[in-house]
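Contents: one structure, followed by commentary.
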Amino acid sequence: MRIAAIDIGTNSVHMIIADAHAGPYAIVDRERDMIKLGAGTFQAKRLSDDAITRGVQTLRRFHELIRSHGVDEVVAVATSAVREAENGRVFLEAVRAATGIVPRLISGEEEARLLDIAVRDVIDLSDRAALTFDIGGGSVEAIVGSARGLLFARSLGLGVLRLRDQLGPADPLPRDARRRLAQIVHEQAAADIERCRQIGFDLTVGTSGTILDLGLAVHRRRSKDRWLSPDGRIVALEDLRELAEQLCEMDMEERARVAGIDRRRADTIHLGAALLTELMGLAHSDELVLCDVSIREGLVLDQLARKRGPGHPPPTADIRKRSVLALAERCGELGPHGEHVATLALQIFDQTQTVHRLTAAERRILEFAALLHDVGRHIGFERHEHHGYYLIRHGGLRGFREHEIDLIAVVARYHRKAAPKPRHPEYAALRPRDRRIVRVLAGILRVAEGLERGRTQCVRHVRCDLSPARLRITLHAPEGAALEAWAAERKSELLAAALDRRIELTVEPGPAAVPAPAGGP
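Just remember that my numbering sits 117 ahead of the position in the sequence shown, which is counted from 1.
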């Protein structure tokens, strides 16, 4: 099923088009238009005629995209500017008449619920709770969520366009206006943020274009490297405060030239920066985890849940593995081969842990690299290790930090052919400790894939016996595994060097007891 989800916000209109099935959805297109629908609305209590015209024109263009993509279902919502405008329903009717799209007017509480769904789909909250801030044009959503669901939600009337209406047009922002902004935030948010603190949370998450732009601006002040994705990036409150102070002292043209800031946000980004730092101060949060989702992703997930119905359980709660398996499926590599390579690799990892001393976190990197090691075959067999590296890095994996995606991609890249070398850019870019991790994990992965050379899962399991100079790997294969033993031995050089031991492989053809899984260190 192909779904289009549209969020008609105060500042921007956003749309994503996603292929949604029983598992994770895949975004096939996205579009936005920063039309500032709510500019002046919070004082006049009305959408201007120009704003209505801009909104209808934007949604006409979106409708053309919807038609060209063969979308099966459209879900559209409108938020605070339309909700509070006396002529909001006039605008919605104009949209319906022009496009056939019927937006639903939703409450601030519904905004928070959809945002919570989206955040929990990409950030692992299985054993922790998150306070999430989403700064829009008309409101700020403040929510606390965990694996148990939504614990607290409040829609605060503190959006950047609303603040601009309250503080006036002076630019740069005068000191007295900054003090007034802080006062407004404290008056409207302090009690609710204190309630969030009483409920308790382990991390603070920031979504929305304003927050992501601020995070990117902080990053660009320190590095010229481009982000693949902001997901999982951490921004310190201290850095945000320094940036906010400087943005408030600039005029709009100066702010538009700041690296990382979308020039279309230059009229309000300083207000967003000051607002965010005040909210984080109230929450006693020293850092913010960036998350590139919003209510449109929540709309897709909510629609999928409705389609499944109460009789069908939701997808696995393991966000990261779900995302990895979805990428493998999209590349035609979801099946017994990848799963068995992962199983054998983890058995070797667990039984050699006393030597390599890697942790449960690196074990998961190995598991995911093994599941994805052949995705490059989707492009072509030749050099598929290089194709796989690109697909993993750019495949939209969810729930990972960029550093983790890099490690998965590099380990998978070295599952065949050349061993890691300092002249390889992807390897040279790693920290020294990460280079060792890659050598160990790629060495294990090479051997595990050799043990699946015939793609028949004939090696049921392995036993590793260690001595100071040797690693003996015994293959339990009831029907024999001469091909697999030969292939694994040919690919064992990297692991032998990483563990500083020679490697011997033997085949035990008869039945044997399966060793109890170690479950990681």
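All C-beta atoms in this analysis are idealised placements derived from N, C-alpha and C, irrespective of residue type, glycine included.
- L357 is the residue among C313, Q300, L357 and R314 whose C-alpha sits nearest the C-alpha of L333.
- In this structure, V410 lies away from C448, with their beta-carbon atoms at least 8 Å apart.
- In the DSSP assignment, H578 is bridged to H593.
- By the 16-neighbour rule on beta-carbons within 10 angstroms, H593 is buried.
- Looking at the backbone, the Cα of T471 and that of L320 are separated by about 33 Å.
- Annotated three-state conformation of S411 is coil, per DSSP.
- By the neighbour-count definition (other C-beta atoms within 10 Å, threshold 16), H511 is an exposed residue.
- For R281, the enclosing alpha helix (DSSP H) stretches over residues V277 to L284.
- Of the residues assessed, Q464 falls on the buried side of the cut-off, its CB having 16 or more other CB atoms within 10 angstroms.
- Just so you know, the alpha carbons of R149 and L392 end up roughly 24 Å apart.
- The closest CA to that of I561, considering only V579, G571 and R550, is found on V579.
- R563 and L547 have their C-alpha atoms some 20 Å from each other.
- Judged by DSSP secondary structure, M367 falls outside any beta strand (DSSP E); it is assigned neither H nor E.
- Nearest to E201 by C-alpha distance, out of G225, D189, A215 and I218, is G225.
- Rounded to the nearest whole angstrom, the C-alpha separation of G323 and T460 is 36 Å.
- Contact between R437 and D241 holds, since their C-beta atoms are separated by about 7 Å, short of 8 Å.
- Under the 10 Å beta carbon count, D251 is surrounded by 16 or more other beta carbons and is classified as buried.
- In the three-state reduction of the DSSP assignment, E625 falls in the strand class, which pools E and B.
- Nearest to D368 by C-alpha distance, out of P286, H336 and I234, is P286.
- A contact is defined here as three or more CB-CB pairs under 8 Å, and the region 193–200 meets this definition with respect to the region 123–133.
- Counted as a single uninterrupted DSSP element, the beta strand (DSSP E) harbouring F250 occupies residues A247 to I252.
- The residues I234, A235 and D238, in chain order, have a CB closer than 7 Å to that of L418 in the same chain once the five nearest residues on each side in sequence are set aside.
- Residue environment analysis places M132 among the buried positions, since at least 16 neighbouring C-beta atoms fall within 10 angstroms of its C-beta.
- The C-beta distance from R271 to L388 rounds to 20 Å, too long to fall under 8 Å, and the pair is not in contact.
- Contact between I412 and E228 is confirmed by a C-beta separation of about 6 Å, below the 8 Å threshold.
- E370 sits exposed, since fewer than 16 C-beta atoms from the chains shown fall within 10 Å of its C-beta.
- Bridge pairing for A353: E404 [DSSP].
- When DSSP reads this structure, S263 sits in a beta bridge with G266.
- In the three-state DSSP reduction, M397 falls in the helix class (H, G or I).
- The way I'd put it, the region 448–458 doesn't touch the region 255–270; fewer than three beta-carbon pairs between them come closer than 8 Å.
- Around the beta carbon of A586, a 10 Å sphere encloses fewer than 16 other beta carbons of the protein chains shown; the residue is thus reported as exposed.
- Each of R339, P347 and R350 was checked against the Cα of E359, and the nearest Cα belongs to R339.
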